[in-house]
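Below is one structure, written out as structure tokens, with a few remarks after it.
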Amino acid sequence: VDGGMNGTDVRTGPVTLSETAVADGQVEATPRIGISKAVERPWRFVLV
-12 VDGGMNGTDV
-2 RTGPVTLSET
8 AVADGQVEAT
18 PRIGISKAVE
28 RPWRFVLV
């Protein structure tokens, strides 16, 4: 995922959002990257 995907439809694009349930412990919040404001907010999530 990069800036080239700006404006991509998250329902039909190459990367999509899903309502599939994920078990507790499978998602981790990590430090945000490539930003200069609110860097302490853990708004970057990954499946582990």
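Numbers -12 to 35, taken from the numbering used here, label the letters of the sequence shown in order.
The beta carbon of each residue, even a glycine, is placed where N, CA and C say it ideally should be.
In this text, all values refer to a predicted model and were calculated from it rather than measured experimentally.
Residues that DSSP places opposite residue i in a beta bridge
| i | result |
| --- | --- |
| Thr3 | For Thr3, which the question treats as bridged, DSSP gives no partner whatsoever. |
| Arg19 | According to DSSP, Arg19 bridges with nothing at all. |
| Val33 | Glu15 |
When the options are compared against residue i, the one with the closest alpha-carbon
| i | options | result |
| --- | --- | --- |
| Leu4 | Asp11, Ala10, Gly12 and Thr(-5) | Thr(-5) |
| Pro1 | Val9, Met(-8), Ala8 and Thr7 | Met(-8) |
| Gly(-10) | Ile22, Thr(-1), Val14 and Gln13 | Ile22 |
Spatial neighbours of residue i in its chain, beta-carbon cut-off 8 Å, leaving aside the 5 residues before and after
| i | result |
| --- | --- |
| Arg31 | Ala16, Thr17, Pro18, Arg19 and Ile20 |
| Val14 | Phe32, Val33, Leu34 and Val35 |
Sequence-distant residues of the same chain with beta carbon closer than 7 Å to residue i, five excluded per side
| i | result |
| --- | --- |
| Lys24 | none |
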